[in-house]
Each structure stands twice: as C-alpha cells, then as structure tokens.
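This report concerns only the one structure given below.
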Amino acid sequence: MPIRNTTERWGHLSIALHWITVVVILSLVVVGFVMEDLPNTPFKRDVYLLHKSFGLTVLALTALRLGWRLVQPTPALPEGTPAWQRWAAHGGHLGLYGLMIAIPASGWAYNWASNFATPYFGWTLMERAGAVDRELKAIAGVVHEWGVYALLALLVAHAGAAFYHHYQLKDAVLRRMAPWLKPAA
Amino acid sequence: MRFLLALTLAFAAPLALATSPPGPVRYSHAAGSSLGFASSYDGETFDGRFAQFTTDIAFDPASAAGRFDVMIQLASAGTENDERDETLLGADFFNATAMPQARYQATAFRKLADGRFVADGTLTLRGITKPVPLTFRWTAGSTPKLEGTAVVKRLEFGIGTGDWDDTEVLPDAVAVTTTLVLQPKP
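Which chain is which? The protein sequence lines are A and B, in order.
Each residue of the first sequence is one higher than the one before, counting from 1 in the working numbering.
Each residue of the second sequence is one higher than the one before, counting from 1 in the working numbering.
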C-alpha cells in the first residue's frame, strides 16, 4: 500500500495518523476526567504534564493530518450515497477536525491563563504568562470540557456511520481506514 | 482634695507606665511593605507573598536592642497560580485551616560589620517553633525602613513532608524577603 492517498483509498500516513489519534484522544479523555479528582501530590502534577504533552501532540498531529489532507486526494464516498449522508459526513469530519484543534488549543489557553509554563515531555515549550487570567481561564475551561462532550458525540456518530457502511451497506468505507478488516459477511 | 489627687497620681502613674513603657518606639508596617518567599519546583522558580500580616516592631539601632513580633495569616499566601496555592494552603504544606497563623518573634539582636543586623528570632509554623535568623538593614527615620532576608528550612516545620519531601524537586531552603515601611503605632 502506498504512503499517499488516492481517490480510491487512504495511504499509509493517513491511516497511521487516524489510529494513533484515536488511541491518544481516548486515553486523554479518560485521564482528563480522572485526573481532576486526584489528591494534590507530585503524581497529580506528573499526570497533568503528560496530559498536556499528549494533548499538544494531538494538536500537532491534527495540523499534520489537515496539511496532508489538503495536498492529497481524498477517497470518494461510494456511488449512490444520498446527499444528506454526504453532507453529514463532511459536516461530521469538519466538526471532528475543528474539535481536535479547539480542545487542545483551549487546554493550552487554560494552562497559560493558569500561569503554568507549557510543558512538552520534559521540555518547556513556552514560559509561564506571569499572571493568572481568570476570565480567559473560565472561558477556556468551558470550551475544553464542552468540546470533549461534543467530540464524544461526534465520535459515536462517526463510528456508527463506519459500522453502518461495513455491516449494513457492506461497502469498503471502513476497510479503507481499517485495511486489516475482512469484508462483512 | 490634694490628697485625693496625689493618691490618684500615685496609682495612675504606674498604670500609665505599664500600658506604655518607656523605650524604643513601637512600629507597625504601612503601605509599601511586603512579605514574600521564593522557591522552585522541578527547576522552575516561583515566588509568592503574604497579603496579610501584622507587625509589632521596636528597634534601637544604636544599642541593637528591640523586639519583633509578626503574625502572618497563612491563608493570604499567593504565588500567582491557583492550583499551586491550593496545594500550598492544604494539609501537606501550610495546613492553613487548622493552623491559620505563623508567628515570628525576636528579642535578641546582633550588629554585623557591614552595618546590617541579625534578629536571632524564632518562627512558629504548623505548631513547630524553630530558630530562624533574620538579617536586615535598618534605615532610621521618622518612618524607618526594614529590609530583611531569612532562610526557612521547610522540612523543619513539617512543610511538604511525605509525597513532597524530595528536596531535589522542591528544595528544603525557602528564601524569605521582607520590606517593612514602618510607622509609629497609634
């Protein structure tokens, strides 16, 4: 399989970025909900540092995916896909990309407004702001949290649509992104 | 009548002396004063300040004699980071709910060769009292100025023990700095 996309199928890079993002995002969501209630210990801080570092990784991977997608062809939806489904697919993907930018970006803003330096796996990506910005912190916190709820809703729809294609329509839409799958019986 | 007056004076004079003893003027701090601390965590420095504290300072630089009594409201500590402040005020550090105040007291003073002074005082924090010398410069005047530094070993006071006791990450020594703009107490 080639690294590049065609109008028929996804290339290696797009497939790898997709599934890495899935694993990282689901881990971030689980950890994100748990870490808030951890007792204030150095361990909690370490968990936050990792959450921030992996979140920034999602931001970088999403930028890479979008860039790659813009310079590459995209596999077409199957012939005869109803117009509303095309719109739903495009809208859903747009939403997923938007949230994969907005959620880490709002987390980064929250971190900055809290007057933390921006960490990246032991490195300091950006020095702390010097002062707490409670207004920005409140806004960024709401965007971050509700962004995750919206992302989870879209993920359910996204996976549901993929299974609908695979098991109901028995087309190649899911297999294009999960080439290890066998065609549905 | 004269006898009554004499009697009143005889009793009142010692009373007056007791409430307002002779000696150096007693000062409290005015606007422009600060009480701060600095440390680092995992290599990243931070500093903080106590917004609320009260001072009762008497000092005569000529004889290097006096008395310091400073009460510090621990809950007023801030480091420009809500999450760190929550930890700082929590049970592992200041335990500010259970022990709301720290107190610095000094009655013994020394003069240094460079003109500064050392207060050989004690700090009471989390119910533990330990000697903490405060080195300070005293600028005399009608509103004297005190600029001091001290080093507080946090672990002596049980601050950040257990999970936080790694001094490679969070040093034992905390630098305390203060600038007091003093005015005579009313």
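The beta carbon of each residue, even a glycine, is placed where N, CA and C say it ideally should be.
A quick note: this is a predicted structure, and the numbers were derived from the prediction, not measured.
Taking residue i as part of the beta strand (DSSP E), name the residues at either end of that continuous run.
i, result
"A/Trp123", "Trp123 to Met126"
"B/Thr55", "Phe53 to Asp60"
"B/His29", "Arg26 to His29"
"B/Tyr41", "Ser34 to Tyr41"
"B/Thr79", "Where B/Thr79 is concerned, there is no enclosing beta strand (DSSP E), given that its DSSP letter is neither H nor E."
"B/Glu44", "Glu44 to Phe50"
"B/Ile72", "Ala65 to Gln73"
Have a look at residue i and residue j and give me their C-alpha separation to the nearest angstrom.
i, j, result
"B/Leu15", "A/Pro39", "Model confidence at B/Leu15 stands at a pLDDT of 49, short of 50, so the residue's coordinates are unreliable and nothing is read from them."
"B/Ser63", "B/Thr143", "19 Å"
"B/Glu156", "B/Asp165", "11 Å"
"B/Asp69", "A/Asn115", "34 Å"
"B/Ala119", "B/Lys111", "9 Å"
"A/Leu56", "B/Leu35", "38 Å"
"A/Val47", "A/Pro78", "43 Å"
"A/Ala131", "B/Ala77", "15 Å"
"B/Tyr27", "B/Thr178", "15 Å"
"B/Gln52", "B/Ser33", "11 Å"
"A/Ile3", "A/Gln72", "11 Å"
"A/Gly91", "A/Val31", "28 Å"
"B/Phe109", "B/Leu146", "14 Å"
"A/Arg69", "B/Asp82", "40 Å"
"A/His144", "A/Ala88", "24 Å"
"B/Leu17", "B/Val169", "Residue confidence for B/Leu17 is low, a pLDDT of 46 falling below 50, so the modelled location carries little weight and cannot support an answer."
"A/Gly67", "A/Val22", "18 Å"
"A/Tyr110", "A/Leu136", "7 Å"
"A/Ser27", "B/Thr167", "32 Å"
"A/Trp146", "A/His158", "18 Å"
"A/Pro119", "A/Ala178", "33 Å"
"B/Phe94", "B/Glu86", "10 Å"
"A/Leu13", "A/Leu59", "16 Å"
"B/Gln101", "B/Ala75", "8 Å"
"A/Pro42", "B/Asp163", "7 Å"
"A/Trp180", "A/Ala117", "42 Å"
Can you pull the chain A residues whose beta carbon is under 8 Å from the beta carbon of residue i, in chain order?
i, result
"B/Gly90", "Asn40"
When you compare each of the options to residue i by their alpha carbons, which one comes out closest?
i, options, result
"B/Asp60", "B/Pro24, B/Asp163 and B/Trp164", "B/Pro24"
"B/Asp114", "B/Thr135, B/Asp120, B/Arg103 and B/Ala96", "B/Thr135"
"B/Asp172", "B/Thr179, B/Thr161, B/Phe94 and B/Ser34", "B/Thr161"
"B/Ala30", "B/Arg116, B/Ala108, B/Thr54 and B/Asp163", "B/Thr54"
"A/Ala16", "A/Glu145, A/Leu61, A/Leu56 and A/Lys137", "A/Leu61"
"A/Pro104", "A/Leu77, A/Asp133, A/Ala113 and A/Ser53", "A/Ser53"
"B/Gln105", "B/Glu83, B/Ala51, B/Leu123 and B/Phe46", "B/Leu123"
"A/Thr7", "A/Val34, A/Pro75, A/His93 and A/Arg65", "A/Pro75"
"A/Leu155", "A/Gly107, A/Trp19 and A/Thr81", "A/Trp19"
"A/Gly122", "B/Asp42, B/Ser33 and B/Tyr27", "B/Asp42"
"B/Ala150", "B/Trp138, B/Val174, B/Phe50 and B/Asp85", "B/Val174"
"B/Ser39", "B/Lys130, B/Arg137, B/Leu88 and B/Gly121", "B/Leu88"
"B/Lys185", "B/Thr45, B/Ala102, B/Gly48 and B/Ile57", "B/Ile57"
"B/Val181", "B/Arg126, B/Trp138 and B/Val132", "B/Trp138"
"B/Val176", "B/Gln183, B/Asp163 and B/Val152", "B/Val152"
"A/Tyr164", "A/Thr124, A/Thr118, A/Gln85 and A/Glu36", "A/Gln85"
"A/Ala185", "A/Gln168, A/Pro179, A/Ala178 and A/Leu13", "A/Gln168"
"B/Arg126", "B/Pro133, B/Phe117, B/Ala98 and B/Arg116", "B/Ala98"
"B/Phe117", "B/Phe50, B/Phe37, B/Ala65 and B/Gln183", "B/Ala65"
"A/Ile25", "A/Met177, A/Ala172 and A/His51", "A/His51"
"A/Trp112", "A/Ile101, A/Ala129 and A/Leu99", "A/Ala129"
"A/Leu152", "A/Lys170, A/Tyr97 and A/Ile139", "A/Tyr97"
"A/Phe33", "A/Ala172, A/Gly141, A/Arg176 and A/Leu125", "A/Gly141"
Kindly list, in the order they appear in chain B, the residues whose Cβ is closer than 7 Å to that of residue i.
i, result
"A/Val58", "The contacting residues do not exist; A/Val58 stays about 22 Å from chain B at best."
"A/Ser114", "Asn81, Asp82 and Glu83"
What residues from chain B crowd round residue i, counting only those whose CB sits closer than 8 Å?
i, result
"A/Val132", "Glu80, Asn81 and Asp82"
"A/Ala117", "Glu44"
Identify the continuous alpha helix (DSSP H) that holds residue i and give its terminal residues.
i, result
"A/Val23", "His12 to Met35"
"B/Leu89", "Asp82 to Leu89"
"A/Val173", "Val173 to Met177"
What does residue i reach in chain A if we use C-beta pairs closer than 7 Å?
i, result
"B/Asp163", "Thr41 and Pro42"
"B/Thr87", "Asn40"
What does residue i touch in chain B if you count any residue whose Cβ is under 9 Å from its own?
i, result
"A/Asn5", "The contacting residues do not exist; A/Asn5 stays about 43 Å from chain B at best."
Give the interface partners of residue i over in chain A, defined as CB-CB distance under 9 Å, in chain order.
i, result
"B/Glu156", "Going along chain A, no residue has its Cβ under 9 Å from B/Glu156, so there is no contact; the nearest lies around 21 Å."
"B/Val169", "Pro42"
For this session: Counting only runs of 3+ residues fully inside the segment 92-178 of chain B, write out the beta strand (DSSP E) ranges in chain order.
Result: Within the segment 92-178 of chain B, the complete beta strand (DSSP E) runs of at least 3 residues are 101-106, 109-111, 117-125, 128-139 and 145-153.
Exercise. Which whole runs of the alpha helix (DSSP H) in the segment 59-137 of chain A are 4 residues long or more, in chain order?
Worked result: You should have 83-113.
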